[in-house]
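Number of protein chains: 2
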Amino acid sequence: MPETNRVYRLAHRPEGTPTHDAFELAEEPVPDPGPGEALVRTLYLSVDPYMRDRMRAGESYAEPWAVGDALRGAVVGEVVASNGAGVDAGDVVTGELEWADYATAPGTELTRVDPDVAPLSTRLGVLGMPGLTAYFGTREVAQPSAGETFVVTGAAGAVGSVAGQLAKLQGARVVGFAGSDEKVAFVEDELGFDACINYETTDDYGAALDEAAPDGVDAYFDNVGGEITDAVFTRLNVDASVAVCGQISMYNDEEVPVGPRKLGHLIQTRATVEGFLVSDFEPRFEQAAKRLGRWVGAGDVAYRETVTEGLENAPDAFLGLFEGANIGKQLVQVAEREGGQ
Amino acid sequence: MPETNRVYRLAHRPEGTPTHDAFELAEEPVPDPGPGEALVRTLYLSVDPYMRDRMRAGESYAEPWAVGDALRGAVVGEVVASNGAGVDAGDVVTGELEWADYATAPGTELTRVDPDVAPLSTRLGVLGMPGLTAYFGTREVAQPSAGETFVVTGAAGAVGSVAGQLAKLQGARVVGFAGSDEKVAFVEDELGFDACINYETTDDYGAALDEAAPDGVDAYFDNVGGEITDAVFTRLNVDASVAVCGQISMYNDEEVPVGPRKLGHLIQTRATVEGFLVSDFEPRFEQAAKRLGRWVGAGDVAYRETVTEGLENAPDAFLGLFEGANIGKQLVQVAEREGGQ
Numbered sequence: 001m002p003e004t005n006r007v008y009r010l011a012h013r014p015e016g017t018p019t020h021d022a023f024e025l026a027e028e029p030v031p032d033p034g035p036g037e038a039l040v041r042t043l044y045l046s047v048d049p050y051m052r053d054r055m056r057a058g059e060s061y062a063e064p065w066a067v068g069d070a071l072r073g074a075v076v077g078e079v080v081a082s083n084g085a086g087v088d089a090g091d092v093v094t095g096e097l098e099w100a101d102y103a104t105a106p107g108t109e110l111t112r113v114d115p116d117v118a119p120l121s122t123r124l125g126v127l128g129m130p131g132l133t134a135y136f137g138t139r140e141v142a143q144p145s146a147g148e149t150f151v152v153t154g155a156a157g158a159v160g161s162v163a164g165q166l167a168k169l170q171g172a173r174v175v176g177f178a179g180s181d182e183k184v185a186f187v188e189d190e191l192g193f194d195a196c197i198n199y200e201t202t203d204d205y206g207a208a209l210d211e212a213a214p215d216g217v218d219a220y221f222d223n224v225g226g227e228i229t230d231a232v233f234t235r236l237n238v239d240a241s242v243a244v245c246g247q248i249s250m251y252n253d254e255e256v257p258v259g260p261r262k263l264g265h266l267i268q269t270r271a272t273v274e275g276f277l278v279s280d281f282e283p284r285f286e287q288a289a290k291r292l293g294r295w296v297g298a299g300d301v302a303y304r305e306t307v308t309e310g311l312e313n314a315p316d317a318f319l320g321l322f323e324g325a326n327i328g329k330q331l332v333q334v335a336e337r338e339g340g341q
Numbered sequence: 001m002p003e004t005n006r007v008y009r010l011a012h013r014p015e016g017t018p019t020h021d022a023f024e025l026a027e028e029p030v031p032d033p034g035p036g037e038a039l040v041r042t043l044y045l046s047v048d049p050y051m052r053d054r055m056r057a058g059e060s061y062a063e064p065w066a067v068g069d070a071l072r073g074a075v076v077g078e079v080v081a082s083n084g085a086g087v088d089a090g091d092v093v094t095g096e097l098e099w100a101d102y103a104t105a106p107g108t109e110l111t112r113v114d115p116d117v118a119p120l121s122t123r124l125g126v127l128g129m130p131g132l133t134a135y136f137g138t139r140e141v142a143q144p145s146a147g148e149t150f151v152v153t154g155a156a157g158a159v160g161s162v163a164g165q166l167a168k169l170q171g172a173r174v175v176g177f178a179g180s181d182e183k184v185a186f187v188e189d190e191l192g193f194d195a196c197i198n199y200e201t202t203d204d205y206g207a208a209l210d211e212a213a214p215d216g217v218d219a220y221f222d223n224v225g226g227e228i229t230d231a232v233f234t235r236l237n238v239d240a241s242v243a244v245c246g247q248i249s250m251y252n253d254e255e256v257p258v259g260p261r262k263l264g265h266l267i268q269t270r271a272t273v274e275g276f277l278v279s280d281f282e283p284r285f286e287q288a289a290k291r292l293g294r295w296v297g298a299g300d301v302a303y304r305e306t307v308t309e310g311l312e313n314a315p316d317a318f319l320g321l322f323e324g325a326n327i328g329k330q331l332v333q334v335a336e337r338e339g340g341q
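Line by line, the protein sequences are chains A and B. Under full-length UniProt numbering, the first residue of the first sequence carries the number 1, and numbering increases by one thereafter. Under full-length UniProt numbering, the first residue of the second sequence carries the number 1, and numbering increases by one thereafter.
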């Protein structure tokens with residue numbers, strides 16, 4: 001085991017779109033696990049849009065990082081040493097850990113993973129938080145029914161790609177928005193959406209929706225916000241449901257001076273707009289993950305991952321999220337598992 | 001009975017804020033009631049913000065009026081003649097009737113009113129559609145609980161004034177927004193709201209809210225929309241509910257290019273925004289009206305009316321709604337009841 005550990009720390013709070021100088025790769029000694037802790041070697045690291053919010057000083061559902069703090073996120077790793085943590089060296093675990101080669105964590109915050117059930121990377125994607133977010137947001141909040149029209153933004157992303165497929169499983173007509181022809185092809189051909197609109201090459205989202213969703217919109221899963229959401233709002237049907245999951249188009253805006261306009265459309269439609277956090281559904285994670293695993297195994301839910309190699313490239317992977325660089329779940333592979341994979 | 005009837009007809013579809021020339025006062029013969037119909041003499045006529053929408057060609061929950069159509073609205077009137085309509089001459093009734101001195105309607109669309117229970121005008125206000133809208137929007141959609149903070153816009157208006165008082169009855173801290181010092185005094189002193197913000201003299205709605213609602217906003221009843229709603233959105237608490245009842249600040253806008261921004265606040269709060277129409281609660285109108293009548297009788301719900309005299313002044317009364325001219329329910333008194341009142 002090397003003596004040096006690399007850890008990404010927040011160098012300063014970015015204003016607007018972050019750049020590389022917000023991330024400082026510190027070289028530090030590999031930490032020793034304290035009592036009840038384990039030392040974990042990072043295999044895969046997840047980068048997610050919500051992390052932008054933690055770089056801000058303001059209030060959010062996730063506590064803001066302090067300048068100098070290690071960045072943190074969902075990790076799949078291998079236990080190197082355990083100091084009474086209830087896991088054994090060689091175990092594969094997931095948890096929220098530092099962006100680092102090695103990190104310590106209390107055993108109570110680590111979850112053991114069976115490495116033979118599914119590729120380890122899926123624990124951060126289709127079988128991890130993004131898949132669960134899609135599951136609860138679609139089935140519990142947006143709630144499309146058979147024959148209804150379900151629209152999802154970020155359709156080629158980690159959450160949207162799963163959300164649309166789950167809506168298909170419920171019998172809905174599914175329309176996505178994605179940002180390139182390659183993504184549109186993936187969404188339509190591999191994920192089986194009924195239609196996907198390339199928002200980068202479409203001027204008139206409303207007209208595109210009228211064609212792709214001629215019967216209006218019954219359920220809307222929003223990861224993006226902004227002008228696409230404006231267009232969807234004017235096409236909501238009576239009793240439509242809007243699940244607000246993310247607003248990535250605005251995460252880098254320092255100020256959004258104008259707020260919720262066009263709410264008149266909610267009156268005539270008696271539609272509901274509801275924000276949600278996957279963490280509120282935690283008691284049901286196990287059941288949901290089992291179902292997702294079954295659907296993935298049966299080929300009912302397809303997934304794709306974009307894997308960036310090397311911890312040093314984690315900021316690239318993160319910043320790419322805001323440029324739509326990824327198809328499916330964006331991961332960083334930090335190391336190979338000793339046993340392979 | 002005179003032979004000439006006066007009827008207001010839509011002269012043209014207004015663009016932006018309507019002016020008087022959109023209303024044409026036609027002189028016509030008093031109509032004869034057809035089989036099953038009654039002839040009703042108008043006593044009080046209601047003017048309501050939603051009528052602006054019926055002047056537009058576009059889709060809405062209320063069918064648009066055609067140019068040349070008689071304008072229609074809630075009326076309290078006296079039956080002059082019945083052609084097998086199931087009501088008798090002298091009966092007092094309510095229904096949706098023309099803006100006219102006399103109008104016919106099928107008996108099935110008229111509801112008999114006991115003139116001795118409450119002043120007739122209240123059937124168009126606190127005991128009519130506005131009161132019912134406040135009742136269901138507050139109790140079924142916004143749902144403030146004891147100790148929570150309830151905010152309502154249009155607080156001195158027909159709906160908002162009742163909504164805030166119902167929230168008080170539920171034990172909430174109630175904060176209103178209104179557009180003049182006189183309205184603020186009415187809301188705080190006569191209606192008993194905990195605070196009321198004069199939005200015409202306040203530059204920073206957010207700061208005013210921080211003072212009036214220091215614990216944030218748990219339930220929001222929105223009649224107005226726009227910048228006040230922007231400020232409320234950023235102060236929603238976890239699990240907050242927003243009832244969208246009206247958006248009067250935007251009814252005269254031909255186009256609202258920007259839509260629902262700041263939805264990110266719904267994610268961290270898991271808040272719900274829901275549009276509603278009082279008509280969806282029709283099976284429960286009788287129970288609700290009884291309760292409202294009891295509270296009004298007991299002095300738990302106060303109300304005020306702004307009464308404009310004369311059918312010829314109905315457009316003035318309607319247009320005044322968009323300038324905030326009214327305190328409480330805006331009515332037009334068209335005639336006195338033969339029996340008095």
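All C-beta atoms in this analysis are idealised placements derived from N, C-alpha and C, irrespective of residue type, glycine included.
| request: Would you mind stating whether A:GLU338 and A:GLU78 have Cβ atoms separated by less than 8 Å? | output: yes
| Between B:ASP300 and B:GLY128, what straight-line distance do the alpha-carbon atoms span, to the nearest angstrom? | So the alpha carbons of these two residues sit roughly 17 Å apart.
| said: Less than 8 Å between the beta carbons of A:PHE322 and A:LEU132, yes or no? | reply: no
| message | Output needed in chain order: residues of the region 225 to 238 of chain B with a Cβ under 7 Å from some Cβ in chain A. | response | Along the region 225 to 238 of chain B, going in chain order, the ones with a CB nearer than 7 Å to a CB of chain A are GLY225, THR229, ASP230 and PHE233.
| said: Within 8 Å of any Cβ in chain A, is that where the Cβ of B:MET250 sits? | reply: yes
| said: Going by DSSP in three states, A:ARG54 sits in which element: helix, strand or coil? | reply: helix
| said: Please confirm whether A:LEU132 has its beta-carbon closer than 8 Å to some beta-carbon of chain B. | reply: no
| Below 8 Å between beta carbons: does that hold for A:PRO260 and B:ARG261? | Going by C-beta atoms, A:PRO260 is nearer than 8 Å to B:ARG261.
| Every unbroken beta strand (DSSP E) inside the region 58 to 125 of chain B [3 residues or more] | 72 to 82, 92 to 98 and 102 to 106
| request: Just list the beta strand (DSSP E) runs in the region 207 to 288 of chain A, keeping only unbroken ones of 3 residues or longer that don't cross its boundaries, in chain order. | output: For the region 207 to 288 of chain A, whole beta strand (DSSP E) runs of length 3 or above, ordered along the chain, are 217 to 222, 236 to 244 and 272 to 275.
| request: Look at the Cβ atom of A:ALA85, then the Cβ atom of A:PRO31, and state whether they are nearer than 8 Å. | output: no
| message | Tell me which residues share the same chain as B:GLN341 and place their Cβ nearer than 8 Å to its Cβ, disregarding the 5 neighbours each side in the sequence. | response | Bear in mind that the predicted position of B:GLN341 carries a pLDDT of just 45, short of 50, making it unreliable; the figure below should be weighed with that in mind. Once the five neighbours on either side are set aside, the close Cβ partners of B:GLN341 are PRO115, PRO119 and LEU120.
| request: Express the C-alpha separation of B:PRO49 and B:VAL80 in angstroms, rounding to a whole number. | output: B:VAL80 and B:PRO49 have their alpha carbons spaced roughly 29 Å apart.
| Tell me the DSSP bridge mates of B:LEU10? | B:PHE23
| request: Mind listing, in chain order, the continuous beta strand (DSSP E) runs of no fewer than 3 residues lying wholly within the region 134 to 166 of chain B? | output: 149 to 153
| What is the DSSP secondary structure of B:VAL332, counted as helix, strand or coil? | strand
| query | Going by alpha carbons, who is nearest to B:PRO315 out of B:VAL47, B:ARG41, B:VAL242 and B:THR111? | reply | B:VAL47
| said: Quick check: is the beta carbon of A:GLN143 nearer than 8 Å to any beta carbon in chain B? | reply: no
| message | My assumption, with CB atoms under 8 Å, is that A:GLY176 sits in contact with A:ALA155. Please give the rounded CB distance. | response | 3 Å
| Going straight from the alpha carbon of A:GLU282 to that of A:ALA11, what length do you get? | 32 Å
| field | Top-ranked residue by Cα proximity to A:ALA289, from A:VAL113, A:GLU98 and A:SER145 | value | For the set A:VAL113, A:GLU98 and A:SER145, the Cα lying nearest the Cα of A:ALA289 is the one of A:VAL113.
| DSSP three-state call for B:PRO130: helix, strand or coil? | helix
| Thinking just about the alpha-carbon of each residue, which of B:VAL151, B:PRO14 and B:LEU110 is nearest to the one in B:VAL67? | Nearest of B:VAL151, B:PRO14 and B:LEU110 to B:VAL67, Cα basis: B:PRO14.
| said: If you follow the beta strand (DSSP E) that B:LEU43 is in, where does it begin and where does it stop? | reply: 37 to 46
| query | Between the region 234 to 249 of chain B and the region 140 to 156 of chain B, do three or more beta carbon pairs fall short of 8 Å? | reply | yes
| said: Strictly below 9 Å CB to CB, what residues from chain A border B:ARG270? | reply: TYR61, GLU274, GLY275, PHE276, LEU277 and ASP280
| query | Nearest chain A C-beta to B:ARG72 closer than 8 Å, yes or no? | reply | no
| field | Chain-order list of residues whose beta-carbon lies under 7 Å from that of A:HIS20 (same chain, five-residue window excluded) | value | PRO315
| Can B:VAL7 and B:ALA74 be called in contact, C-beta distance under 8 Å? | Annotated as distal: B:VAL7 and B:ALA74, with beta-carbon spacing of 8 Å or more.
| task | With a 10 Å radius around its C-beta and 16 neighbouring C-beta atoms as the bar for buried, classify B:THR201 as buried or exposed. | result | exposed
| query | What in chain A is Cβ-close to B:GLY137, meaning under 7 Å? | reply | Within 7 Å Cβ-Cβ: nothing; B:GLY137 doesn't reach chain A, min ~10 Å.
| said: Does any residue of chain A have a CB that is nearer than 8 Å to the CB of B:LYS262? | reply: yes
| Residue-chain proximity (B:VAL244, chain A), Cβ-Cβ < 8 Å | yes
| task | Decide if the region 205 to 225 of chain A is in contact with the region 97 to 105 of chain A; the criterion is three or more beta carbon pairs, one per stretch, under 8 Å apart. | result | no
| query | Three or more beta-carbon pairs under 8 Å between the region 159 to 179 of chain A and the region 262 to 277 of chain A, yes or no? | reply | Counting Cβ pairs under 8 Å, fewer than three are found: no touch.
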